[in-house]
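Structure first, then comments.
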Amino acid sequence: MQLDLGSNKIIEKGGLYLADALRNNRTLIRLDLNSNQIADKGLKQIADGLRNNTTLTQLDLAYNRITDIGIQHLTDTLTTKRIQRLTRLGLGGNEITDNGIQYLSEALLINRKLIQLDLESNRISEKGAQRLADALRVNKTLIQLNLGSNKIANKGVQHIATILRTNKTITRLDLSGNQITENGIQQLADALHNNMNLIELNLWCNPMMDEGVQHLANALTNNRTITKLGLERSEITEQGTKHLTCALYNNTTLTRLELEWNQIKQEGVQYLADALQVNQTLIRLNVSNNQITEEGQQRLIDALQNNMARNQY
């Protein structure tokens with residue numbers, strides 16, 4: 018059973034009613050409360066109700082004005098063995114700082130069920146990234162982590178990169194919009210040479226520029242697991258496109274590449290189209306909102322259609 022109560026102006030008092038329901042309900046699997054006004058007091062009530070719930074596996078609390086105080090209440094519950102059925106937790110768009118991440122990290126050391134954690138659009142800096150990385154050295158169950166639209170920057174991504182060298186469970190990672198430049202991208206790319214588990218990496222809206230793309234391209238040449246790479250709004254020009262296409266000549270796993278809202282012109286399209294004559298695995302390429310002519314667009318469409326036809330047989 019699933020219940021979607023998103024965008025319903027539920028306030029703190031609503032948390033009390035939900036808690037009563039959660040204590041007695043034995044059928045609800047997914048509860049979506051995103052975009053309400055539950056805040057810390059309402060979350061405390063919900064967390065208390067979860068202590069006696071053994072069925073809920075997915076909980077979305079995004080955009081609910083939750084601060085570190087509310088996270089402390091929630092993580093106290095997450096470490097309770099009885100309710101360790103929760104596998105997906107959405108906390109994006111709240112007011113969680115590095116202190117709240119400390120509570121979550123401590124919970125990750127104990128909790129053995131959570132596989133998906135969404136922390137996008139909070140107030141997490143490099144210290145929070147370090148605390149999460151420390152927890153992931155021990156935690157072996159989390160497979161999807163979203164840290165998009167925070168402020169972990171180059172120092173924070175260095176901690177994430179370090180853990181990627183040894184972590185065997187993370188398969189999807191979102192670091193978009195984190196003020197990561199080419200130096201941070203280099204740290205991440207170096208880790209990808211050793212990581213054989215990551216299949217999806219989102220880095221859009223980071224000012225990596227062509228230099229950062231070159232580091233990623235070097236990693237992609239030998240990487241055999243990443244199937245989706247998001248590089249939207251990354252200040253990539255013709256030169257960066259050339260670096261990427263050099264990787265595409267050798268890469269046989271990437272199926273989806275997002276390059277919209279960059280600075281790619283006709284020369285970059287030529288590089289991509291030529292690479293697609295050799296690369297037979299890329300079937301989705303997004304270059305919208307660049308500076309590409311209709312002729313260039315058609316060349317890419319034709320090349321991708323050929324790849325899709327090949328992959329059908």
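For the sequence shown, the working numbering assigns the number 18 to the initial residue and increments by one for each residue that follows.
We put the beta carbon where it would ideally sit given N, CA and C, even for glycine.
Quick check on the burial criterion: 16 or more other C-beta atoms within 10 angstroms. Buried or exposed for residue i?
i	result
residue 24	exposed
residue 185	exposed
residue 226	buried
residue 19	exposed
residue 327	exposed
residue 90	buried
residue 210	exposed
residue 62	buried
residue 316	buried
residue 156	buried
residue 21	exposed
residue 301	exposed
residue 113	buried
residue 250	buried
residue 297	exposed
residue 94	buried
residue 122	buried
residue 286	buried
residue 147	buried
residue 37	exposed
residue 41	exposed
residue 180	buried
residue 269	exposed
residue 27	buried
residue 266	exposed
residue 183	exposed
residue 319	exposed
residue 119	buried
How close, in whole Å, do the beta carbons of residue i and residue j come, if the pair is a contact with beta carbons under 8 Å?
i	j	result
residue 67	residue 108	Incorrect: roughly 14 Å between the Cβ atoms, too far for contact.
residue 162	residue 190	6 Å
residue 279	residue 253	4 Å
residue 264	residue 234	4 Å
residue 49	residue 87	About 17 Å separates the two Cβ atoms, so there is no contact after all.
residue 173	residue 193	In fact, because the Cβ distance is near 13 Å, the residues do not count as touching under 8 Å.
residue 169	residue 139	Wrong, their Cβ atoms sit about 11 Å apart, outside the cutoff.
residue 288	residue 310	Between residue 310 and residue 288 the Cβ distance is about 15 Å, and since that is not below 8 Å, they are no contact.
residue 313	residue 283	5 Å
residue 85	residue 117	4 Å
residue 5	residue 130	What the structure shows of the chain is the stretch from 18 to 330, and residue 5 is not part of that stretch, so it cannot be assessed.
residue 237	residue 220	About 12 Å; that fails the 8 Å criterion.
Looking only at DSSP bridge pairs, what is residue i linked to?
i	result
residue 189	161 and 217
residue 245	217 and 273
residue 105	75 and 133
residue 49	21 and 77
residue 301	273
Under a three-way DSSP split, which group does residue i fall into?
i	result
residue 68	coil
residue 263	helix
residue 225	coil
residue 112	coil
residue 210	coil
residue 62	helix
residue 295	coil
residue 195	coil
residue 309	coil
residue 281	coil
residue 250	coil
residue 238	helix
residue 55	coil
residue 258	helix
residue 122	helix
residue 140	coil
residue 324	helix
residue 200	helix
residue 82	coil
Beta-carbon of residue i versus every beta-carbon of chain B: anything under 9 Å?
i	result
residue 238	In the structure shown, chain B does not exist; there is a single protein chain.
From what residue to what residue does the alpha helix (DSSP H) around residue i run?
i	result
residue 174	170-181
residue 40	29-41
residue 148	143-153
residue 94	85-95
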